[in-house]
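Heads up: the sequence lines are chains A and B, in that order. Those letters in the first sequence? Residues 40 to 354, by this note's numbering. Those letters in the second sequence? Residues 2 to 338, by this note's numbering. Don't be surprised by glycine CBs; every beta carbon is placed ideally from N, CA and C. Here is the structure we will look at.
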Amino acid sequence: MKSRKDGGDRLFQAAMMGFALIIVLLIVGIITELTRSSMLSIKHFGFSFFTGMTWDPVFENFGALPFIYGTLVTSLVALLIAVPIGVGTAIYLAEYAPPFLRKSMSLLVDLLAAIPSVVYGLWAIFELVPLMRTNIQPFLGKYLGFLPFFQGPNYGVGMLAASLVLAIMIVPFIISISREVIMTVPHVYKEAAYALGSTRWEAVRSIILSYGKTGILGGVILALGRAIGETMAVTMIIGNNVTISPSLFSPGYTLASVIANEFTEATGNLYLSALIEMGLVLFIVSIIVNMIARMLIWSVTQKQSTGTTLKPRAL
Amino acid sequence: MVKKIITILAGLGIAATAFAAAPVLINGAGATFPYPIYSKWFDVYSTINPDARFNYQSIGSGGGIKQITSGTVDFGASDGPMTDQQLADAPGRLFHIPMVMGAVVVAYNVPGVEKGLQLTPEVLADIYLGKITKWNDARITSANTGLQIPDMPIIVARRSDGSGTTYIFVDYLCAVSGEWKLKVGKGTSVNWPVGLGGKGNEGVAGIVRQTPGSLGYIELSYAVKNNLAYASIQNKSGKFIEPSLESTSKAAEGVTIPSDFRVSLVNSANPEAYPISGFTWLLVYKSQADPVKGKALVDFMRWAVHDGQSYTKDLLYAPLPQEVVQMIDKKIEEIKY
């Protein structure tokens, strides 16, 4: 009896390890294949590929810096917009909203997550971009125009429009995950906080947010991953111009967009190889951003385990 | 039981004969620009010759060239001619067979100018080089004396995705501007000096329609269907020509066309021609590996350049001129199967 159970256990363990191994193999496979296919470009440009400012398919001179810049800026601005809205909505849904509203809102949020990105892109071209040009950007330019981010010609399309659409696309992820995390906060903690006389806001701040910090940050990382890799909607409205400009009104370009735009018609080995190297760069950028985010979480949880945050702070 | 087995076997026999008589499937891939007319043709042709069925994937001209070279499709399609190097890399001799003609127009959105804008080649090139930045530049107004052109910045729009439309447009700019040829060159994607990149015709048209002061190049058919205003362009003979199917077809009339059809028709010498026009080609091997498929392909091409041309106007493609069709007839004879 005992041995049969052991055998089953071992089989199960081996099977699960096999599945986990598939993930590792997949990632190793992707990296190897990307590196192999971009070897021509890597050898030709070396490190200058990362610092190059031109992208010239005719004279075969390729550099990735404007694309890296565009990818990072649009993703970070999207996070800046989406995190407060997402976490705020999650807190409202989990703590304040009446049950019927909670259910229907959650359904809407899931619906939002299921819309294909090309639909967001089309909506942005026809609705968001005109609004950006006629209302939002003139308003920002008028009141915040002293900042370098809101200067320069106003086209409607550009990095700000792309960031806004990205924000809309990642908000459902942040809401869903944060809400689930907040729901897992044990009632006893909350009740203890109330028993000590804290208001609802104080309970949210000192109990829920500190207890759920790790989980919420995890959700934000997932959202960031989607923002970095998002292709279609961004391509449709970012303006696809190879420049580095501090202004968010300016058109820009992202790593994923240039691959989507040019891969089908790319002829010439060096050109193709450079486009594949862009894929490799995108992979590396995602890994670095993810690592930074993990370290952030790690430092937060470290603090937690050394033990101040779970205790309600001075109420 | 035995009866049952016999019935099943009989059924299998019928299925097998049906399979044997199934139409031959011919696969093709390539340019997106001619996709609407090709699918119309394949649809109509399937009623004329039920024995051949065509399957066409519009994956882009670059993809079409790659696939026909590697032999994964029976024919390729491209909006730009293959280079000598690409032809040399192919395992067999490839023919370029023109199917229809297309034009690229310069659409604009200038408040107060509903129609009738005229552009010279030099002005167009300098706008795309970023050297003319205002609509009321003297070089624009002097060619448009009857129009009230406002003092507005020019917002340049162009394709961000690699495209045959881009190829024809920059091929034209190379033909009319030495500076463009030297600094930017031609290709399905180029390093644009200025401008906003829209994805696809719809992306560029979207920017032009919504942005006052903008100008962008799109396919003629797309501009007509979406009621965008487009400019007349001065051709090689100095005449301002409004883009139309007729003036597009003229680009291939009265000019010398090489026997391999790999020719750029931009800046045509015909005085009636709209200057930003071009062929779109099917790419087929001279020696067809499969006799059945080869015959079906040849029959189809012969039909397409003759009877098939009558379907072009509804879909806003310019038909091939008669003299080109005669040349194609001779070329198709050379294909062996």
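By the criterion of Cβ-Cβ separation under 9 angstroms, what are the contact partners of residue i in chain B?
i, result
"A/Met198", "Simply none; closest approach about 12 angstroms."
Strictly below 8 angstroms CB to CB, what residues from chain A border residue i?
i, result
"B/Ile219", "None at all; the shortest Cβ gap to chain A is about 15 angstroms."
"B/Ser248", "Ordered by position in chain A, no residue passes the 8 angstroms Cβ test against B/Ser248, which lies about 27 angstroms from the chain."
"B/Ser62", "Glu304"
"B/Leu197", "Tyr194, Val196, Gly278, Asn279, Asn280, Pro290"
At a CB-CB cut-off below 8 angstroms, which residues of chain B make contact with residue i?
i, result
"A/Glu269", "Within 8 angstroms Cβ-Cβ: nothing; A/Glu269 doesn't reach chain B, min ~14 angstroms."
Name, please, each residue of chain B whose Cβ falls closer than 7 angstroms to the Cβ of residue i.
i, result
"A/Trp94", "Asn192"
"A/Val168", "Gln211"
"A/Met275", "Lys200, Gly204"
So who's on the other strand from residue i, going by DSSP bridges?
i, result
"B/Trp282", "B/Ser79, B/Pro99"
"B/Gln58", "B/Ala30"
"A/Asn100", "A/Asp95"
"B/Val293", "Its beta-bridge partners do not exist; DSSP assigns none."
"B/Pro154", "B/Lys135"
"B/Ala53", "B/Val25"
"A/Ala54", "Paired residue(s): none; A/Ala54 is not in a bridge."
"B/Leu197", "B/Ala158"
"B/Lys337", "B/Ser288"
"B/Ala319", "B/Met102"
Would you mind telling me which residues of chain A sit closer than 7 angstroms to residue i, beta carbon to beta carbon, in chain order?
i, result
"B/Ile156", "Tyr194"
"B/Ile208", "Val196"
"B/Gly186", "Val97, Phe98"
Kindly indicate if chain B contains any beta-carbon less than 7 angstroms away from that of residue i.
i, result
"A/Gly291", "no"
"A/Ile164", "yes"
"A/Gly191", "no"
"A/Val204", "no"
"A/Glu355", "A query on residue 355 of chain A cannot be resolved here, the shown segment of chain A reaching from 40 to 354 and no further."
"A/Val324", "no"
"A/Val97", "yes"
"A/Pro351", "No answer about A/Pro351 holds up, because its pLDDT of 45 lies below 50 and its placement is not dependable."
Give a yes or no on whether the C-beta atoms belonging to residue i and residue j are separated by under 7 angstroms.
i, j, result
"B/Ala224", "B/Tyr218", "no"
"B/Ser250", "B/Met102", "yes"
"A/Thr274", "B/Gly61", "no"
"B/Ala91", "B/Thr121", "no"
"B/Gln211", "A/Pro169", "yes"
"A/Ile276", "A/Ala206", "no"
"A/Ile221", "A/Ala129", "yes"
"A/Ser87", "A/Ile315", "no"
"B/Phe170", "B/Val124", "no"
"B/Ile150", "B/Asn137", "yes"
"A/Ala242", "A/Ala232", "yes"
"A/Pro96", "B/Gly188", "yes"
"A/Leu287", "A/Phe188", "yes"
"B/Gly77", "B/Gly65", "yes"
"A/Ala266", "A/Ile209", "yes"
"B/Val195", "B/Val157", "yes"
"B/Tyr173", "B/Val267", "yes"
"B/Val209", "B/Ala319", "no"
Can you find a C-beta in chain A that's less than 7 angstroms from the C-beta of residue i?
i, result
"B/Thr189", "yes"
"B/Asp291", "no"
"B/Asp162", "yes"
"B/Leu125", "no"
"B/Gly81", "no"
"B/Gly279", "no"
"B/Gly131", "no"
"B/Phe20", "Note that B/Phe20 scores 49 on pLDDT, short of 50, meaning its location in the model is unreliable; the coordinates nonetheless yield the value given after this. Chain A contact via Cβ: absent."
"B/Gly29", "no"
"B/Glu335", "no"
Report the neighbours of residue i on chain A: residues whose CB is nearer than 9 angstroms to its CB, in chain order.
i, result
"B/Ile66", "Thr306"
Item to complete: Report the residue ranges of all alpha helix (DSSP H) runs contained in full by the segment 199-263 of chain B; include only those spanning at least 4 residues, in chain order.
Response: Entirely contained in the segment 199-263 of chain B, the alpha helix (DSSP H) runs reaching 4 residues are, in chain order, 201-211, 221-226, 246-250.
Discussion item. Please give me, in chain order, every unbroken run of the alpha helix (DSSP H) with length at least 4 that falls completely inside the segment 88-146 of chain B.
Written reply: For the segment 88-146 of chain B, the continuous alpha helix (DSSP H) assignments of 4+ residues that do not extend past its boundaries occur at 122-129, 139-142, in sequence order.
Worksheet item: Whole beta strand (DSSP E) runs in the segment 275-337 of chain A with 3 or more residues, listed along the chain?
Response: Qualifying beta strand (DSSP E) stretches: none in this window.
Worksheet item: Which runs of the alpha helix (DSSP H) spanning at least 4 residues fall entirely within the segment 157-241 of chain A, listed in chain order?
Response: Fully enclosed alpha helix (DSSP H) runs of 4 or longer: 176-183, 198-222, 226-234.
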